Every structure is written in structure tokens, then in C-alpha cells.
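Input: a single structure, listed below in C-alpha cells.
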Amino acid sequence: MKLKKMMAVVLAGVTCAGMMAGCGPSGDDSKASGGSGEKGTMTLIMSTRDEFLSTLESAAMSSAEEAGVKLTSQDAQNDSAKQIQYIETAVNGGDEAVIVNPVDSDAAQSLVDAAGDTPLVFVNRPPSDMEVLAAKNVGFCGSNEDTSGYFQGEYLADHFKKQGKTEIKYILLQGELGQVSQIKRCAGVLKALKDNGIKATSVVDLAGKYDRAEAMNKISPVLTSGQEFDCIISNNDAMALGAIEACEAAGIDPASFPIVGIDCTKDGAAAVQAGKMAMTVYQNPLGQGKGCIEAALNLVEGKAANDGTSFTKDDSGKDYSDSIVWIPFEPVTKDNVADYL
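Here the UniProt record's numbering is used: position 195 in the sequence shown is 195, and no number is missing along the way.
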């Protein structure tokens, strides 16, 4: 059974409990797990709370409770300075470790500096400079973005080859420009198309900022401009869903060409099942939530972050390989989407 299904009931209870928690020290929403604290206290600092990250957060709280860790979660509301403030508060409060979903991957070193000797685990978003992970008390738990877009490209290449096409035109919906995920997801899908003998030409690249409404607004005028295209490639499900809405508003059947996303959110999976989205790529928030707790506990005990992990170790041979816990991406199509609903 998929980890997603195994933890669903537990997460529902944890989420409800979290919604009843009080406010954080600066008035922002905070949540706390019901862990006993036998293995100490930790703080999870989110960049924001969207559907995906909220699921990750709940999974981390559930895993912390099972491990006997008292975990407090804070929402930095996309404010880098606030993340540093929360780290300093956690360190001064004697937390055993800090887990951070960074607002700005380029600012990773400043987060490590704020933690000092306290173990720090990056979750979901890796540092732009992975050498930051070479420090003995720093780790990362997330999914390898080199593979996410590649799965999209492999699906599209197979789709168009079956139609006898070797040249296509695409519309690209990009996430937050400059983020590691945006850069690698775009590069991955184009590399896979090229590797599989498809010449792909961009009609337009749009900055949808991972947001459904933003993507809908950006793509709407393109859809009605008369420009020809063969597919819509999106860096995440939310923007793909915005593109679907824009198509339907313009009287275009979204099932008449492939629209591909990443994350396999609840709404994204439903769109794949309905045939409106051709495929998505499951990024496992439950695995990331569980894995970051495993990594933090390892660092607290003086072990490598991925020691004894139930997920995947890094095999790149880099000097920071032992600091990485990989949660594999999984391609999702109509054939297997039932496993993810």
C-alpha cells in the first residue's frame, strides 16, 4: 500500500489537532504535535502553507509524535527574515534540531549560520549551493528535481511519437523564477524530449509563480491569440489546473492536447482521472514529512542524516551525499492515478 494511503487517517487527526493550536511568538499561526518530548523538542519552519506543504507539515507532526519528539511548526509567510527569527528563537529555547522549508534557497547559508551548532534539516526545497550540506550538522530531505520534469518529458515524447510527431510547440508555465525547482523542472522536461528525439520549440514561457489564478490569467490571452501549440507544460499542478480553467473558459477542450503537471495534489489527481490533465508527477509530501524527522533525529544522535533511512540514499559520491534523504518522484497517469486519490 502506498505511504500516502497508510498515513491518511493519522494525518487527518493531526491536522485537526494542529488547527486548534495557539499562535506563535510573533502572532503567526503555529502548530504543535502531541509528541511526548522524550526525545526532545524541535521546530519546523515552513515557508508558507499551501496544499502540498500543509500535507508535508502534518506528516512531519505525525512522525514526530510517533518518535516521541515534541514538534512545533511555524509559518514564515514567505518572509526570509522571519525564518531566521524563528530559527534563533528555537535555538535559544534549547531545541534539539530545526527543520526548515526555506523561503529563499539562495539564502541557505544564512539559515545554517542562524542555527549554529544546532542540527538543521532543509526539507522539500534544497539549498541552491548543495555544498552547504557538507557541514556535519546539516541535512536535506526532499525529492530529486532532476527527475521530476524528466518524467513529464518522457510521457510527452511517448505521446507524440505515437502520433508520428518529432517536432512540437509548447507553452511553458514556470514556477517562482530562480528557484531550484523551477530551474530543474524546466531543464528536465526539455532534456527528456531531446533525449527521446523530439524537437521542442517554445511558443511562450510564462511566469505563473506556482499559483493557479496567476497561471490562468497569464495563459488566457495566449489561448485566444491564435498561436498554435501542441501541449502545455506546467511546473506544478496548481498552474496546470489554472490552464485547464482558462481552456474551458475559452471554449477549448483541455483533453484535446496534453497538459502535464507536477506534485499530484488532490485536485491534480482528480483532473488526471477526469482526463483533463494528461499526467502529473507525484511528489511525496508524506515521505518528505517523515524523512525530515528521521534525518533530524539522526543528526541529533551524531549520525549521518540518511543513516538507516527508510527512503533512498544519494549515490552521487559527493562529500555531502550522506546528508541527503531522497524521496523519489513517481509518474502518475490515468492508468495508475487511482493509487493516488
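The C-beta atom is built at its ideal place from N, Cα and C for all residues, glycine as well.
In this text the structure is predicted, and so the values were computed from the model without any measurement.
(request) Answer with buried or exposed for G308, where buried requires no fewer than 16 other C-beta atoms within 10 angstroms of its C-beta. (result) exposed
(request) Mind checking who I233 pairs with in its DSSP beta bridge? (result) L172 and V260
(request) Taking only the alpha-carbon atoms, compute the straight-line gap between S63 and L297 and give it to the nearest angstrom. (result) 11 Å
(message) Measuring only the C-alpha atoms, how far is Q182 from S148?
(response) 11 Å
(request) Evaluate contact between the segment 118-138 and the segment 47-66, counting only Cβ atoms and requiring at least three cross-stretch pairs below 8 Å. (result) yes
(request) Alpha carbon to alpha carbon, how far is M61 from I99? Give it in angstroms, no decimals. (result) 12 Å
(message) Given a cut-off of 8 Å on the beta-carbon distance, is the pair N284 and G261 in contact?
(response) no
(request) Per DSSP, which residues does Y282 bridge with? Please list them. (result) D263 and E330
(request) Compute the Euclidean distance between the alpha carbons of Y340 and T333, then round it to the nearest angstrom. (result) 10 Å
(request) Decide if the segment 235-250 is in contact with the segment 205-214; the criterion is three or more beta carbon pairs, one per stretch, under 8 Å apart. (result) yes
(message) Three Cβ pairs or more, each shorter than 8 Å: is that satisfied between the segment 80-96 and the segment 257-272?
(response) no
(message) Taking its Cβ as the centre, do 16 or more other Cβ atoms sit within 10 Å of L177, making it buried, or is it exposed?
(response) exposed
(message) Would I327 and Q288 be called neighbours here (beta carbons separated by less than 8 Å)?
(response) yes
(message) With a threshold of 8 Å on Cβ separation, who are the neighbours of A338 within its own chain once the five nearest residues in sequence on each side are excluded?
(response) Q273
(request) Specify, as a first and last residue, the run of the beta strand (DSSP E) that S202 falls within. (result) K199 to A207
(message) For C23, count the other beta carbons within 10 Å of its own beta carbon; 16 or more makes it buried, fewer makes it exposed. Which is it?
(response) Any reading at C23 must be qualified, since the residue scores a pLDDT of 32, below 50, and its modelled position is unreliable; no value is offered.
(message) According to DSSP, is D113 part of a helix, a strand, or is it coil?
(response) helix
(request) Determine the burial state of K70: buried for a count of at least 16 other Cβ atoms within 10 Å of its Cβ, exposed for fewer. (result) buried
(message) Please report the distance separating the alpha-carbon of F311 from that of S30.
(response) 28 Å
(request) Could you tell me the boundaries of the beta strand (DSSP E) in which F311 lies? (result) Neither: F311 is in no beta strand (DSSP E) and is coded neither H nor E.
(message) Could you compute how far the alpha carbon of G275 sits from the alpha carbon of A255?
(response) 6 Å
(message) Among the candidates L44, G40 and E301, whose CA atom is the shortest distance from the CA of C141?
(response) L44
(message) Looking at the secondary structure, which residues open and close the beta strand (DSSP E) in which T72 lies?
(response) K70 to D75
(request) Taking P102 as the reference, give the member of T166, L190, D79 and A270 with the closest Cα. (result) D79
(request) Indicate whether Y155 and V203 have their beta-carbon atoms separated by less than 8 Å. (result) no
(request) Assign K165 to one of three DSSP states: helix, strand, or coil. (result) coil
(message) Within 10 Å of its beta-carbon, does E66 have 16 or more other beta-carbons around it, so buried, or fewer, so exposed?
(response) exposed
(request) Could you check how far apart the C-beta atoms of E167 and K199 are, in whole angstroms? I think they sit under 8 Å. (result) 5 Å
(request) Give a yes or no on whether the C-beta atoms belonging to M42 and E131 are separated by under 8 Å. (result) no
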